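Numbered continuously in the numbering used here, the sequence shown closes out at residue 1390. For each residue, glycine too, the CB sits at the ideal point set by N, CA and C. Please read these numbers as outputs of a predicted model, since none were measured by experiment. Take a look at the structure below.
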Amino acid sequence: MKLFNTLTRTKEEFLPEKPDQVGLYCCGPTVYNYAHIGNLRTYVFEDLLRRVLEFNGYVVNHVMNITDVGHLTSDADEGEDKMKKGAEREKKTVWEVAEYYAQAFLEDMDRLNLLQPRWKPKATDHIQEMIGQIKKLETNGFTYTGNNGNIYFDTSKLEDYGKLAQLDKQELQAGARIEVDPNKKNPHDFVLWFVESKHGDQEMQWDSPWGRGFPGWHIECSAMSVKYLGEQFDIHCGGIDHIPVHHTNEIAQAEGATGKKPWVKIWMHGNFLVLKKGVKMAKAEENFLTLRRLVEEGYDALDYRYFCLQSHYRKELSFDWEGLDAARTGLRRLKEKILNLGDEAGAVNDHYIERFGVAVSDDLNVAQGLSLAWDLMDDAEVSDTDKLATIKKMDRVLGLKLDEPIEFELPPQITEWILERNKAREQKNWKKADKIRDKIEASGKWMVKDGPGGTEVHPK
């Protein structure tokens, strides 16, 4: 099995620290709003990684954090507090906002058929672990106290700081020319613990050796991953936007605290989903689409999963409705072929499974694996029973529920129109019933049929 390692910028043979076991950490959601479909593309990639590892016989200890403590809207120590922003928007406490959107994210995971991590630690439940790691950094000489009382990580004390982002000394010196926090000794230094925030009092605060306050963003991932996976583990994942700051600072903290290098063997990053060339989705900019919006438009969440599977995780993926329409059509046609095979599964076809395994084990070339699934279905020399057994094994990686009946979720507005139309038909108001039918079909996504139980609506 080969994986692209961001740390070395090369594709490497994967050799875990422990035979047949993998420690996997994935940066989880910040729960102040719904995840957008760009965020969810990253979680689909991470789900595929876990599935491919398990396909290859590994037992995966999968950890994904829930960021439910307030931190800032940029990776740097600036911007708005995300949790506070969400609370003000919805006129709730930050605790209520965090709980609501954490549950919403887990629902999105289920809709996309993402495997649940073994551990889903919340940042607010692990403040003591963060304090403990900061104390180790303090003991090892990597911290200092700013004039504002905040505790900073001194990046000048770590000789290879910036290795993940490949920041060289010239770039670090160039950074000194930009306007920075006057409390910092070096422009790339970052806050480990806030006792003073320019946003005033935060709802989420805890006692610490340095004063009452709250943790910086980066410390939560390094502290919690060490707790659940040990001081060294195999794979750390996230979006490419985490490379230059968040993941760079995680490495600095973990290796500074433990003294062990490398902290993580392989770093993997998913590329952006963009609405148009060069524009990524961002919740801070409020230019984002949610999975719920796609469902309201008449798509199944697995249509979006199929859409993501057609592109490699390291390539930028452009989103448009036409592309999602094509994915929906493709998934439905594939499932129809599979459902026509019957219910009896025969023997797995070794020829197809071997080729499938080679494809997906080559840095998650799942698009090629999906193409092989189509080839299998069109191969007249393979029996229907063997096709069914083989496609089921492929679907352990694809995660598309290929052997299950086609399901879809009607948008609330469509459901309301169906009830209105059924009532109109009961009253023999055919003109109104026809108008409602035309409204339903106007989007081009739905087809109306009159069945024995009333109005039936199906995706086109």
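{"Check": "Pair within 7 Å by beta-carbon distance, ASN1116 and SER1086", "Outcome": "yes"}
{"Check": "Beta bridge counterpart(s) of ILE1081 as assigned by DSSP", "Outcome": "THR1075, TRP1123"}
{"Check": "Rounded separation between ALA1104 and THR936 - CA only", "Outcome": "A caution first: ALA1104 carries a pLDDT of 42, below 50, which makes its placement in the model unreliable, though a value can still be read off. About 23 Å."}
{"Check": "Closest by C-alpha distance to ALA1153, when choosing among GLN1058, LEU1203, THR1069, LEU1097", "Outcome": "GLN1058"}
{"Check": "For VAL952, three-class secondary structure by DSSP", "Outcome": "strand"}
{"Check": "Residue from LYS1012, ALA1319, GLU1037 whose Cα sits closest to the Cα of TRP1025", "Outcome": "LYS1012"}
{"Check": "With 16 other Cβ atoms within 10 Å as the buried cut-off, status of MET1211", "Outcome": "buried"}
{"Check": "Alpha-carbon spacing of HIS1176 relative to PHE934, whole angstroms", "Outcome": "19 Å"}
{"Check": "Contact under 7 Å by Cβ, LEU1330 with LEU1232", "Outcome": "yes"}
{"Check": "Rounded distance between the beta-carbons of ASN1201 and LYS1265, thought under 8 Å", "Outcome": "Not really, about 28 Å apart at Cβ, beyond 8 Å."}
{"Check": "Distance between TYR955 and ALA1256 (C-alpha atoms, nearest Å)", "Outcome": "33 Å"}
{"Check": "Per-residue DSSP class, three states only, for GLU976", "Outcome": "helix"}
{"Check": "For SER1248, three-class secondary structure by DSSP", "Outcome": "strand"}
{"Check": "Sequence-distant residues of its chain with Cβ nearer than 6 Å to MET931 (five each side left out)", "Outcome": "PHE944, ASN986, SER1291"}
{"Check": "Where GLU1150 falls, given that 16 or more other Cβ within 10 Å makes a residue buried", "Outcome": "buried"}
{"Check": "According to DSSP, residues forming a beta bridge with GLY1143", "Outcome": "TRP1136"}
{"Check": "Beta-carbon contacts of LYS1323 that lie in its chain and below 7 Å, excluding the five residues immediately before and after", "Outcome": "VAL1278, ILE1283"}
{"Check": "Reduced DSSP secondary structure (H/G/I, E/B, other) of HIS1176", "Outcome": "helix"}
{"Check": "First and last residue of the uninterrupted beta strand (DSSP E) at MET1211", "Outcome": "Run containing MET1211: none; DSSP gives neither H nor E here."}
{"Check": "Selected residue, minimal CA-CA separation from ASP1164, among LYS1379, MET1198, ILE1173", "Outcome": "MET1198"}
{"Check": "Whole-angstrom C-beta distance between PHE1249 and ASP1294, which should lie under 8 Å", "Outcome": "Residue identity check: residue 1294 is Leu in the sequence provided, not Asp. No, LEU1294 and PHE1249 are not in contact; Cβ-Cβ is about 20 Å, not under 8 Å."}
{"Check": "Continuous alpha helix (DSSP H) stretch holding PHE1286: start and end", "Outcome": "1280–1290"}
{"Check": "Euclidean distance between Cα positions of GLY1079 and TRP1140", "Outcome": "8 Å"}
{"Check": "Segment contact flag, the segment 963–981 with the segment 1227–1242, C-beta cutoff 8 Å, min 3 pairs", "Outcome": "yes"}
{"Check": "The beta strand (DSSP E) enclosing THR940, as first and last residue numbers", "Outcome": "940–943"}
{"Check": "Buried/exposed call for GLU1386, threshold 16 Cβ in 10 Å", "Outcome": "exposed"}
{"Check": "Expected contact under 8 Å - CB spacing of THR1178 and GLY1092 to nearest Å", "Outcome": "6 Å"}
{"Check": "Collapsed DSSP secondary structure at TRP1193 in the structure displayed", "Outcome": "coil"}
{"Check": "Cβ pair count under 8 Å reaching 3, the segment 1217–1230 against the segment 1178–1195", "Outcome": "no"}
{"Check": "Which of helix, strand or coil DSSP assigns to LYS1066", "Outcome": "helix"}
{"Check": "Three-state class that DSSP yields for GLU1386 in the structure shown", "Outcome": "strand"}
{"Check": "Exposure label - ILE1373; buried when at least 16 CB within 10 Å", "Outcome": "One detail in the question is off: residue 1373 reads as Ser in this sequence, not Ile. Exposed is the call here."}
{"Check": "Within 7 Å, strictly: CB atoms of ALA1034 and TYR964", "Outcome": "yes"}
{"Check": "Rounded straight-line distance, which links the Cα of MET1307 to that of ASP1380", "Outcome": "33 Å"}
{"Check": "Residue burial classification, PRO959 (beta-carbon count within 10 angstroms, cutoff 16)", "Outcome": "buried"}
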